[in-house]
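In the UniProt record's numbering, the protein residues as written are 1 to 428. Positions of the beta carbon are idealized from the N, C-alpha and C atoms, including for glycine.
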Amino acid sequence: MSEFSMPQFGFRVDAESAAAPELGDRAAGAKLPTAPDYGQGTLNMVVPTLDAALAEWHGVAPVCSGPGSGIDAAELIPGLEPARRAVMVMVDGLGSELIERYGGHAPVIRQAMQRKNSQVLSTVFPTTTAAALTAMGTGLAPAEHGIVGYDAVAPDPAGGRRMVNQLGSWPSDLEPREWQPNPTCFERMEAVRRVVTVSRDKFEDSALTRSSLRGGEFVGVTTPHARVGATLTELKHKDVFVYLYWDDLDKAGHAHGVASKQWLHELEELDAAMGRLIAKLPPDTALVLTADHGMVDIPREGRIDYSQFPELIDGVELTAGEPRAVQLHFAADAPQSLRDAVVAAWKERFGSDAWILTREEYVELGWFGAVFRDGVLERAGDVVIAAHGPIALYDGRRVSPHAFEMIGQHGSLTEAERRIPFAVLAQS
Numbered sequence: 001m002s003e004f005s006m007p008q009f010g011f012r013v014d015a016e017s018a019a020a021p022e023l024g025d026r027a028a029g030a031k032l033p034t035a036p037d038y039g040q041g042t043l044n045m046v047v048p049t050l051d052a053a054l055a056e057w058h059g060v061a062p063v064c065s066g067p068g069s070g071i072d073a074a075e076l077i078p079g080l081e082p083a084r085r086a087v088m089v090m091v092d093g094l095g096s097e098l099i100e101r102y103g104g105h106a107p108v109i110r111q112a113m114q115r116k117n118s119q120v121l122s123t124v125f126p127t128t129t130a131a132a133l134t135a136m137g138t139g140l141a142p143a144e145h146g147i148v149g150y151d152a153v154a155p156d157p158a159g160g161r162r163m164v165n166q167l168g169s170w171p172s173d174l175e176p177r178e179w180q181p182n183p184t185c186f187e188r189m190e191a192v193r194r195v196v197t198v199s200r201d202k203f204e205d206s207a208l209t210r211s212s213l214r215g216g217e218f219v220g221v222t223t224p225h226a227r228v229g230a231t232l233t234e235l236k237h238k239d240v241f242v243y244l245y246w247d248d249l250d251k252a253g254h255a256h257g258v259a260s261k262q263w264l265h266e267l268e269e270l271d272a273a274m275g276r277l278i279a280k281l282p283p284d285t286a287l288v289l290t291a292d293h294g295m296v297d298i299p300r301e302g303r304i305d306y307s308q309f310p311e312l313i314d315g316v317e318l319t320a321g322e323p324r325a326v327q328l329h330f331a332a333d334a335p336q337s338l339r340d341a342v343v344a345a346w347k348e349r350f351g352s353d354a355w356i357l358t359r360e361e362y363v364e365l366g367w368f369g370a371v372f373r374d375g376v377l378e379r380a381g382d383v384v385i386a387a388h389g390p391i392a393l394y395d396g397r398r399v400s401p402h403a404f405e406m407i408g409q410h411g412s413l414t415e416a417e418r419r420i421p422f423a424v425l426a427q428s
């Protein structure tokens, strides 16, 4: 488990003077990272931990951990007190390193991270929203829940394979409940208490919601003020779990970069909203803030179209993943000698800026989890290229030119991308 070391925040950090999180040292290389432990130190244990706190208060058995759940109660995050009600705020893109650097713009969240029962967790691999929110929703690692990237490979009805964006519109023949069949924690909890998602209207019937966050009621709102109001309305219930999703910060980071004026404005808006929420919380309510991943800025010269190098895509049928965690899928008839040559070419060109692993290597390391559910391993790449230097790698044959304008990025296992907060904002 990570130890949270909070720097001194006696001053306000300005965008002009602050630097975004730094990435790997090219000259020295970067040590191969360990896998997330997918236990008490990782994102997938947050909802089961809150469920256990609610269960203890109400004198019932937890439903997201313990016998029959597939989740070991010993892996729950320690230190959270029993609670009558619970709110989990999921802030898309707010890595703990960003709180450390820019806490002067978020005094409420900064102070919460100093509580003895707050800590730093690891998110999942890849450090991307689809994989992370599914882990949060199910309590499982990507190897088990099956959402293995922003883009992933799925069977084609005609008998071949295709790339499917896991956040976008899924093809009609790809049924979300079949693609991710594990019960969600929300489904388990709704049998014993009120469960509510407060999020943007457009996400109510999305494929990701239906696959990974199904269960309970959905309250669609847009503005930050409306989100806080909807959450407080739900807290009038005496036994309720509220999941509040906040994506404004992530959007600003992608478009303008971490520490941009736009990003800092959204951080301040978030912090102010949390302050308003804390001020009106009913008694005996746990309010916890976490994130799906961190974020790093990639300079324009570091956003590279790797399809311009034929030796990197020779024999590759499909490319998937994301720019910070590329996944290559070889054609079935690609000989091993060709596969080895492609891996060697990637290491030659990008080995100083990325960890390049074959399927056998990342499975052994447990990056996606210890055990793959049947049918999931083939969704992940034959090769994974996880960046640790200041690069983002695109297949220019299948992405729009606009994709290269994205400044804030995530997906890999650098500390800035994987470390996330478990911030106990209030436990009144």
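Distance, leucine 167 Cα to isoleucine 385 Cα:
One-based indexing of the sequence shown puts residue 385 at position 385. One-based indexing of the sequence shown puts residue 167 at position 167. Spanning the two alpha carbons is a distance of roughly 21 Å.
Own chain partners of proline 299 with C-beta closer than 7 Å, once the 5 adjacent residues on each side are dropped:
Here residue 299 corresponds to residue number 299 of the sequence shown, with the count starting at 1. Hits under 7 Å: Pro390.
Bounding residues of the alpha helix (DSSP H) (the contiguous stretch that carries alanine 132)
Taking the first residue of the sequence shown as position 1, residue 132 is located at position 132. Looking at the DSSP string, the run of the alpha helix (DSSP H) that includes alanine 132 is 129-138.
Going by the CB atoms, is the gap between alanine 207 and valine 219 shorter than 8 Å?
Translated into the one-based positions of the sequence shown, residue 219 becomes position 219. Translated into the one-based positions of the sequence shown, residue 207 becomes position 207. Against a cut-off of 8 Å, the Cβ pair of alanine 207 and valine 219 comes out as no contact.
Consult DSSP for alanine 141 and reduce its assignment to one of helix, strand or coil.
As a position in the sequence shown, residue 141 is number 141, starting the count at 1. Of the three classes helix, strand and coil, the one that applies to alanine 141 here is coil, per DSSP.
Which residue marks the beginning of the alpha helix (DSSP H) containing alanine 279, and which one marks its end?
Taking the sequence shown and counting its residues from 1, the one referred to as residue 279 is at position 279. Looking at the DSSP string, the run of the alpha helix (DSSP H) that includes alanine 279 is 261-279.
For the beta strand (DSSP E) containing glutamine 119, name the first residue and the last one.
As a first step, residue 119 is located in the sequence shown; it is residue number 119 there, counting from the start. Residues 119-122.
Three-way DSSP call (helix, strand, coil) for tyrosine 394 in this model:
By one-based count along the sequence shown, residue 394 stands at place 394. DSSP places tyrosine 394 in strand when its eight states are reduced to three.
Report all residues from its chain with a CB closer than 7 Å to the CB of glycine 302; omit the five preceding and five following residues, and keep chain order.
For the purposes of this step, residue 302 is taken as residue 302 along the sequence shown, with counting starting at 1. Within the same chain, glycine 302 has close Cβ partners Pro390, Ile391, Ala392.
Quick one: grab the DSSP three-state call for tyrosine 150.
Taking the first residue of the sequence shown as 1, we reach residue 150 at position 150. Residue state, collapsed to three classes: coil.
Helix, strand or coil for glutamate 317 per DSSP?
Stepping through the sequence shown from its first residue, residue 317 is reached at position 317. Correct three-state label for glutamate 317: strand.
Could you tell me how far apart the beta carbons of arginine 210 and arginine 162 are, in whole angstroms, since I believe they sit closer than 8 Å?
If you number the sequence shown from 1, residue 210 lands on position 210. If you number the sequence shown from 1, residue 162 lands on position 162. That pair is no contact at about 20 Å.
Could you compute how far the alpha carbon of glutamate 249 sits from the alpha carbon of methionine 45?
By one-based count along the sequence shown, residue 249 stands at place 249. By one-based count along the sequence shown, residue 45 stands at place 45. Inspection of the sequence shows that residue 249 is occupied by leucine rather than by glutamate. Each residue's alpha carbon lies about 23 Å from the other.
Between which two residues does the beta strand (DSSP E) containing alanine 426 stretch?
The residue labelled residue 426 in the question sits at position 426 within the sequence shown. Here the beta strand (DSSP E) through alanine 426 covers 419-427.
Name the DSSP beta bridge partners of tryptophan 246, please?
Working through the sequence shown from its first residue, we reach residue 246 at position 246. DSSP, once it has assigned bridges, lists Val91 as partnering tryptophan 246.
May I ask which residues mark the beginning and end of the beta strand (DSSP E) holding isoleucine 304?
For the purposes of this step, residue 304 is identified with residue 304 of the sequence shown, where counting begins at 1. Residues 303-305.
Does the contact criterion of 3 or more C-beta pairs under 8 Å hold for the stretch 144-154 versus the stretch 97-116?
no
Can you tell me where the alpha helix (DSSP H) with serine 199 in it begins and where it stops?
Position 199 of the sequence shown, counting from 1, holds the residue named residue 199. Serine 199 -> not in any alpha helix (DSSP H); beta strand (DSSP E) instead, spanning 194-199.
If you check the beta carbons only, do valine 326 and valine 342 fall under 8 Å apart?
For this step, residue 326 is matched to residue 326 along the sequence shown. For this step, residue 342 is matched to residue 342 along the sequence shown. Not closer than 8 Å, so no.
Leaving out five residues on either side along the sequence, give the residues of the same chain with a beta carbon under 7 Å from the beta carbon of proline 155.
What you label residue 155 is simply residue 155 of the sequence shown in a count that begins at 1. The residues are Arg161.
Output the boundary residues of the beta strand (DSSP E) element that contains histidine 329.
To locate residue 329, count along the sequence shown from 1; it is residue 329. First-last of the beta strand (DSSP E) with histidine 329: 325-330.
Could you give the DSSP three-state label for valine 108: helix, strand or coil?
In the sequence shown, counting from the first residue as 1, residue 108 sits at position 108. DSSP places valine 108 in helix when its eight states are reduced to three.
Using the Cα positions of leucine 338 and serine 400, report the straight-line distance between them to the nearest angstrom.
Translated into positions along the sequence shown, residue 338 becomes position 338. Translated into positions along the sequence shown, residue 400 becomes position 400. Spanning the two alpha carbons is a distance of roughly 29 Å.
Starting from glycine 220, follow the beta strand (DSSP E) in both directions and report where the run begins and ends.
As a working mapping, residue 220 is identified with position 220 in the sequence shown. Counting along the chain, the beta strand (DSSP E) containing glycine 220 begins and ends at 217-220.
What residue range does the beta strand (DSSP E) around isoleucine 385 cover?
In the sequence shown, residue 385 corresponds to position 385, counting from 1. Where isoleucine 385 is concerned, the enclosing beta strand (DSSP E) stretches over 383-387.
In angstroms with no decimal places, state the Cα-to-Cα distance between alanine 423 and glycine 351.
Taking the sequence shown and counting its residues from 1, the one referred to as residue 423 is at position 423. Taking the sequence shown and counting its residues from 1, the one referred to as residue 351 is at position 351. Distance between the alpha carbons of alanine 423 and glycine 351 is about 36 Å.
Assigned exposure category for glutamate 234 - 16 Cβ within 10 Å defines buried:
The residue given as residue 234 occupies position 234 in the sequence shown. With 16 or more other Cβ atoms within 10 Å, it is buried.
Considering only their Cβ atoms, is the gap separating valine 196 from glycine 216 smaller than 8 Å?
Looking up residue 216 in the sequence shown gives position 216. Looking up residue 196 in the sequence shown gives position 196. Yes, the Cβ-Cβ distance between glycine 216 and valine 196 is below 8 Å.
From the DSSP output, in three-state form, read off methionine 189 for me.
Translated into positions along the sequence shown, residue 189 becomes position 189. In this structure, methionine 189 counts as helix in the three-state DSSP scheme.
Which full runs of the alpha helix (DSSP H) of 4+ residues lie inside the stretch 39-66, going along the chain?
46-58
Assigned secondary structure, glutamine 180 (DSSP; H/G/I helix, E/B strand, else coil)
Taking the sequence shown and counting its residues from 1, the one referred to as residue 180 is at position 180. Reduced to three states, the DSSP call for glutamine 180 is coil.
Use the C-beta contact count for threonine 223: other C-beta atoms within 10 angstroms, 16 or more gives buried, fewer gives exposed.
Counted from its first residue, the sequence shown places residue 223 at position 223. Per the 10 Å Cβ criterion, exposed.
In angstroms with no decimal places, state the Cα-to-Cα distance between glycine 411 and leucine 277.
Indexing the sequence shown from 1 puts residue 411 at position 411. Indexing the sequence shown from 1 puts residue 277 at position 277. Spanning the two alpha carbons is a distance of roughly 31 Å.
Alpha carbon to alpha carbon, how far is arginine 194 from lysine 31? Give it in angstroms, no decimals.
Start at 1 with the first residue of the sequence shown, and residue 31 comes out as number 31. Start at 1 with the first residue of the sequence shown, and residue 194 comes out as number 194. If you take the alpha carbons of lysine 31 and arginine 194, they lie about 45 Å apart.
May I have the straight-line CA-CA distance separating leucine 289 from threonine 358, to the nearest angstrom?
Residue mapping note: residue 289 aligns to position 289 of the sequence shown, counting from 1. Residue mapping note: residue 358 aligns to position 358 of the sequence shown, counting from 1. For leucine 289 and threonine 358, the distance between alpha carbons rounds to 35 Å.
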